[in-house]
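In the UniProt record's numbering, the protein residues as written are 1 to 429. Ideal placement from N, C-alpha and C gives every residue a C-beta, glycine not left out. Only one structure is covered here, and it is reproduced in the block below.
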Ligand SMILES: NC(=O)c1ccc[n+]([C@@H]2O[C@H](COP(=O)([O-])OP(=O)(O)OC[C@H]3O[C@@H](n4cnc5c(N)ncnc54)[C@H](O)[C@@H]3O)[C@@H](O)[C@H]2O)c1
């Protein structure tokens, strides 16, 4: 679909274009069966906010916010979802909003200045939430130019365009990965901590932050930066660990861990993330940075165990033989931060709280993926391989060695180099 020159229908969404963009021959209408999931917060609408552009709105986290703001503030805010419709997106994520008068979709690329400015001017945008990004760390090791192009240059285009039209609020979505690895005994990191990213994805997000900061200082662009830890929940493309492993187990296939499965991550349910962004929009101070963090920290190996129990595949008391049937290993990422840990005090002082326990969020997520995950994005088979690679918009399965035990360092190192070479070649194709 092309809506470069404007929406194809009153709300800017056309089924034809959806099929073309996603390579579907038919609309599965799976969106119509699924529950409408949003956050829980609601604030007094801001008088100077009317038209909100949300980039990456057909992706995971942004679509939660698009649904939340469209449905929670139907008379106060118009929501414009701006998305290029990349491989990981789905218009199913916001399809339920198509008949809402305060919702529009604009297919555009943040790296294209004319599309960005056209959207800003057409909808008289006063507020931007910038989520659009290449977001999958695994892909960033080989396909790193695409990460710099979208995450750094795309942010630059958006900032320059926002400056040009005199935007009132620019809320930039970053990640806890910009801080780099946090050792087990280290304190949780405050917003004032230095940025020390260790992978190309995190580096591109940190670089984007630098541009936001410079536009704040040089041009008085009214900006807020938000650094979130891992978010999970329904609507996440199954390239990330939780939805991917649920989909594999639901197909009675074992999961494959990178390395030994010991790295830990903190997880925040997407509904709580939507609340955090709603809170920051209404209560956040311009010029500030806010961590959005959960305290639910779990290793990748323990996560597998939890999923196996939640999905009734093993019992909580199951022994190592049962686990070995379902958990396999492959080489690690070129570098895998052992853990991230951010302090969320500043956000809690705005009134935000984490409402969904990991157990409850996981239950809802498992249920959703079992019912809809296999149809939401079309055929996801290739995405479920241990290290899928991207060629253009197409996801290709890898052929990485998988074993019953964690793999050793030297072989892993050799493999790491090979992956980088192969994928960088692809990036140049
Ligand atoms: N998922 C997480 O756990 C997590 C954690 C912290 C921060 N973040 C950040 O939150 C944001 C959203 O992450 P997500 O996991 O929901 O991402 P996602 O991969 O699900 O969605 C990204 C969206 O951006 C769109 N997009 C990509 N390139 C674009 C371009 N050039 N122009 C317009 N649209 C484009 C894609 O089509 C997709 O809809 C990202 O900025 C990411 O860095 C994510």
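Cross-strand partners of residue i (DSSP beta bridge)
i           : result
residue 268 : 231
residue 134 : Paired residues: none, contrary to the question.
residue 175 : 228
residue 162 : Per DSSP, none; premise fails for residue 162.
residue 291 : 227
residue 170 : 128 and 223
residue 90  : Answer by DSSP bridge pairing: none, since residue 90 is not bridged.
residue 201 : Note: residue 201 sits in no beta bridge, so no partner.
residue 403 : 329
residue 103 : 79
residue 394 : 391
residue 297 : 266
residue 356 : DSSP, once it has assigned bridges, lists no residue as partnering residue 356.
residue 257 : 329
residue 55  : 82 and 130
residue 61  : Bridge partners of residue 61: none, in fact.
residue 189 : 342
Cβ-heavy atom distance, residue i to ligand 1, below 7 Å
i           : result
residue 359 : no
residue 199 : no
residue 230 : yes
residue 109 : yes
residue 135 : yes
residue 247 : no
residue 237 : yes
residue 83  : yes
residue 56  : yes
residue 132 : yes
residue 50  : no
residue 59  : yes
residue 89  : yes
residue 173 : yes
residue 148 : no
residue 430 : Because residue 430 is not part of the residues shown, which for the chain are 1 to 429, the question remains open.
residue 205 : yes
residue 430 : With the chain running from 1 to 429 in the structure shown, residue 430 is simply not present.
residue 154 : yes
residue 62  : yes
Whole-angstrom distance between residue j and residue i, CA atom to CA atom
i           : j           : result
residue 72  : residue 65  : 10 Å
residue 199 : residue 141 : 7 Å
residue 70  : residue 399 : 43 Å
residue 102 : residue 52  : 10 Å
residue 283 : residue 154 : 27 Å
residue 383 : residue 218 : 42 Å
residue 42  : residue 259 : 42 Å
residue 74  : residue 346 : 29 Å
residue 221 : residue 167 : 8 Å
residue 396 : residue 233 : 24 Å
residue 54  : residue 67  : 11 Å
residue 377 : residue 182 : 34 Å
residue 158 : residue 300 : 35 Å
residue 358 : residue 272 : 11 Å
residue 250 : residue 169 : 42 Å
residue 63  : residue 390 : 23 Å
residue 402 : residue 44  : 53 Å
residue 275 : residue 393 : 31 Å
residue 165 : residue 211 : 18 Å
residue 317 : residue 174 : 39 Å
residue 355 : residue 119 : 35 Å
residue 328 : residue 278 : 40 Å
residue 368 : residue 302 : 21 Å
residue 49  : residue 366 : 36 Å
residue 225 : residue 213 : 9 Å
residue 40  : residue 107 : 28 Å
residue 133 : residue 227 : 14 Å
residue 146 : residue 90  : 20 Å
residue 179 : residue 343 : 12 Å
residue 407 : residue 209 : 36 Å
Proximity test, Cβ basis, 8 Å: residue i and chain C
i           : result
residue 254 : Checking the listed chains, one finds no chain C in this structure; it contains a single protein chain.
Residue i: CB within 7 Å of a non-hydrogen atom of ligand 2
i           : result
residue 201 : The ligand content of the structure shown is limited to ligand 1, which means ligand 2 is not among them.
contact_flag[the segment 176-194, the segment 126-136] where n(CB pairs < 8 Å) is 3 or more: no
Counting Cβ pairs, one atom from each stretch, are 3 or more of them under 8 Å apart for the segment 151-168 and the segment 204-221? yes
Counting Cβ pairs, one atom from each stretch, are 3 or more of them under 8 Å apart for the segment 234-246 and the segment 301-316? yes
Tell me whether the segment 343-363 and the segment 267-279 touch, counting them as touching only if at least three CB pairs, one residue from each stretch, are closer than 8 Å. yes
Would you check if there are 3 or more beta carbon pairs closer than 8 Å linking the segment 92-100 to the segment 28-38? yes
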